[in-house]
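Peer 1: I have a structure here, written as structure tokens, and I will follow up with some questions on it.
In the numbering used here, the protein residues as written are 562 to 862.
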């Protein structure tokens, strides 16, 4: 189900949680890579936050979110915030995850500045107060009857989490250092709980994380499901659904009202969330934008 026009308050809550998420990612990168010049830059113009971390990890860990949620954005604003020079300092172009409900001026300015769409992310949400109890309470589906999910509570489990997370994402074309960094970042974050899915034989076949993210004006915490990974040969066993439902139960146990997750459009995860019985609704989509080719001197030269 798609929410035709989400209430502005819902959009703000979700976007602020996303800002918290990327800030926590950057803070963890600083711990993992102490020699890295990590930058966290809150935007006073039109809102949002920019993070800049390890150059070789590119937009996955260096990007801008929340732009245009606090008002209009002009071409002069784009020059004043110095996105281009900020990222050019480490050899990158700015990647902006622009919410489709941001002020229209933000998209217009970026288009004129020759930014283009790199891809789209769908962001799903579930209101745990209004959701069908059976959706949250059920444990997996028939294919997952031999799958058990538990929260990571030991160094051994943590090592399994990192290894299986890497293995599950490796066939997507990303390189191992980035995958390992993302898993270790999740393991470092104090706001994140880690989960592993095992078979009856004790084999770890899937991993996932649940972050509890603050919203700086709404004054509430939101659950965010992320880093879902299933070992290729173990897909179709129900591990992914079991991991989702285990985290929903945990979120409800923490008395969280709202949980979110994001998927790249067209991915296997995106197709799964569209299944009505899982209870998810599309809250909003991002349009990820990056610069079109090298620009001599940049747009704001």
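The C-beta atom is built at its ideal place from N, Cα and C for all residues, glycine as well.
#1: Among the residues of its own chain, which have a CB less than 8 Å from the CB of residue 670, if the five just before and after it don't count?
#2: Three or more beta-carbon pairs under 8 Å between the segment 774 to 794 and the segment 723 to 731, yes or no?
#3: Check residue 631 in the structure and name its three-state DSSP category.
#4: Measuring only the C-alpha atoms, how far is residue 771 from residue 810?
#5: To the nearest angstrom, how far is the alpha carbon of residue 678 from that of residue 794?
#6: For the beta strand (DSSP E) that residue 785 lies in, which residues bound it at each end?
#7: What is the residue span of the beta strand (DSSP E) that residue 676 lies within?
#8: Of all the options 821, 802, 743, 806, which has the alpha carbon lying nearest to the alpha carbon of residue 593?
#9: CA-CA distance, residue 569 and residue 660?
#10: Check whether the segment 817 to 825 and the segment 741 to 758 touch, using three or more Cβ-Cβ pairs below 8 Å as the test.
#11: Residue 594 by DSSP, collapsed to three states: which one?
#12: Would you tell me roughly how many angstroms separate the C-alpha atoms of residue 853 and residue 680, rounded to the nearest one?
#13: Within the continuous alpha helix (DSSP H) that includes residue 662, where are the two ends?
#14: Give the single residue among 798, 621, 675 whose Cα lies nearest to the Cα of residue 708.
#15: Do residue 595 and residue 662 have their CB atoms nearer than 8 Å?
#16: From the DSSP output, in three-state form, read off residue 672 for me.
#17: Any idea if residue 823 is buried or exposed, counting beta-carbon neighbours within 10 angstroms, 16 or more meaning buried?
#18: By Cβ distance below 7 Å, which residues in the same chain neighbour residue 643 in space, the five residues on each side in sequence not counted?
#19: Please check the pair residue 760 and residue 722, which I expect to be a contact at CB under 8 Å, by giving their CB distance rounded to whole angstroms.
#20: Please classify residue 801 as buried or exposed, where buried requires at least 16 neighbouring CB atoms within 10 angstroms.
#21: How many whole angstroms separate the CB atoms of residue 684 and residue 821, which I take to be in contact at a CB cut-off of 8 Å?
#22: For residue 765, which residues does DSSP report across the bridge?
#23: On a Cα-Cα basis, can you pick out the residue from 775, 778, 621 that is closest to residue 741?
#24: Between which residues of its own chain and residue 747 is the CB-CB distance below 7 Å, once the five residues before and five after are set aside?
#25: Give the range of the alpha helix (DSSP H) segment to which residue 822 is assigned.
#26: Distance check for residue 652 and residue 805, CA to CA, integer angstroms please.
#27: Give me, in chain order, the residues of the same chain whose beta-carbon lies closer than 6 Å to that of residue 579; leave out the 5 immediate sequence neighbours on both sides.
#28: Per the DSSP calculation, residue 611 is bridged to which residue(s)?
#29: Look up residue 774 in the DSSP assignment and say whether it is helix, strand or coil.
#30: How close, in whole Å, do the beta carbons of residue 750 and residue 611 come, if the pair is a contact with beta carbons under 8 Å?
Peer 2: Per the coordinate set shown:
#1: The sequence position of residue 670 within the chain shown is 109, counting from 1. These residues qualify, in order along the chain: 634, 635, 636, 638, 639.
#2: As far as the Cβ criterion goes, the segment 774 to 794 touches the segment 723 to 731, which means the pair count is three or higher.
#3: Counted from its first residue, the chain shown places residue 631 at position 70. Residue 631: coil per DSSP, three-state reduction.
#4: Taking the first residue of the chain shown as position 1, residue 771 is located at position 210. Taking the first residue of the chain shown as position 1, residue 810 is located at position 249. Approximately 11 Å between the Cα atoms of the pair.
#5: In the chain shown, residue 678 corresponds to position 117, counting from 1. In the chain shown, residue 794 corresponds to position 233, counting from 1. Their Cα atoms are separated by approximately 33 Å.
#6: Within the chain shown, residue 785 is the residue found at index 224, counting from 1. Taken as a continuous stretch (DSSP letters only), the beta strand (DSSP E) holding residue 785 covers 782 to 791.
#7: Within the chain shown, numbered from 1, the residue matching residue 676 stands at position 115. Looking at the DSSP string, the run of the beta strand (DSSP E) that includes residue 676 is 676 to 688.
#8: Taking the first residue of the chain shown as 1, we reach residue 593 at position 32. The shortest Cα separation from residue 593 among 821, 802, 743, 806 belongs to 743.
#9: Looking up residue 569 in the chain shown gives position 8. Looking up residue 660 in the chain shown gives position 99. Computed Cα separation, rounded: 12 Å.
#10: Short answer: they don't touch.
#11: Translated into the one-based positions of the chain shown, residue 594 becomes position 33. Three-state result, residue 594: coil.
#12: For the purposes of this step, residue 853 is taken as the residue at position 292 of the chain shown. For the purposes of this step, residue 680 is taken as the residue at position 119 of the chain shown. With a pLDDT of only 29 at residue 853, under 50, the local geometry of the prediction cannot be trusted, and no value is derived from it.
#13: The residue given as residue 662 occupies position 101 in the chain shown. Neither: residue 662 is in no alpha helix (DSSP H) and is coded neither H nor E.
#14: Mapped onto the chain shown, residue 708 falls at position 147. Of the listed residues, the one whose Cα sits closest to residue 708 is 798.
#15: Counted from its first residue, the chain shown places residue 595 at position 34. Counted from its first residue, the chain shown places residue 662 at position 101. Going by C-beta atoms, residue 595 is not nearer than 8 Å to residue 662.
#16: Residue mapping note: residue 672 aligns to position 111 of the chain shown, counting from 1. In the structure shown, residue 672 sits in a helix (DSSP, three-state: H, G or I).
#17: Indexing the chain shown from 1 puts residue 823 at position 262. Buried, because 16 or more other Cβ atoms sit within 10 Å of the Cβ of residue 823.
#18: Counting from one through the chain shown, the residue named residue 643 turns up at place 82. The same chain holds no residue with a CB closer than 7 Å to that of residue 643 once the five nearest residues on each side in sequence are set aside.
#19: Along the chain shown, one-based indexing puts residue 760 at 199. Along the chain shown, one-based indexing puts residue 722 at 161. In fact, because the Cβ distance is near 16 Å, the residues do not count as touching under 8 Å.
#20: Reading the chain shown from its first residue, position 240 is the one you call residue 801. Residue 801 should be labelled buried.
#21: As a working mapping, residue 684 is identified with position 123 in the chain shown. As a working mapping, residue 821 is identified with position 260 in the chain shown. Going by Cβ atoms, the distance from residue 684 to residue 821 rounds to 6 Å, so yes, they are a contact pair.
#22: For the purposes of this step, residue 765 is taken as residue 204 along the chain shown, with counting starting at 1. Paired residues: 759.
#23: As a first step, residue 741 is located in the chain shown; it is residue number 180 there, counting from the start. The residue with the shortest Cα to Cα distance from residue 741 is 621.
#24: If you number the chain shown from 1, residue 747 lands on position 186. Counting only Cβ-Cβ distances below 7 Å, and skipping sequence neighbours, we find 753, 755, 770, 788.
#25: By one-based count along the chain shown, residue 822 stands at place 261. No alpha helix (DSSP H) holds residue 822; the beta strand (DSSP E) holding it covers 819 to 825.
#26: The residue you call residue 805 lines up with position 244 of the chain shown. The residue you call residue 652 lines up with position 91 of the chain shown. Straight-line Cα distance between these residues: approximately 37 Å.
#27: For the purposes of this step, residue 579 is taken as the residue at position 18 of the chain shown. Cβ within range, chain order: 626.
#28: The residue you call residue 611 lines up with position 50 of the chain shown. For residue 611, which the question treats as bridged, DSSP gives the partners 602, 625.
#29: The residue given as residue 774 occupies position 213 in the chain shown. Strand at residue 774.
#30: What you label residue 750 is simply residue 189 of the chain shown in a count that begins at 1. What you label residue 611 is simply residue 50 of the chain shown in a count that begins at 1. About 19 Å separates the two Cβ atoms, so there is no contact after all.
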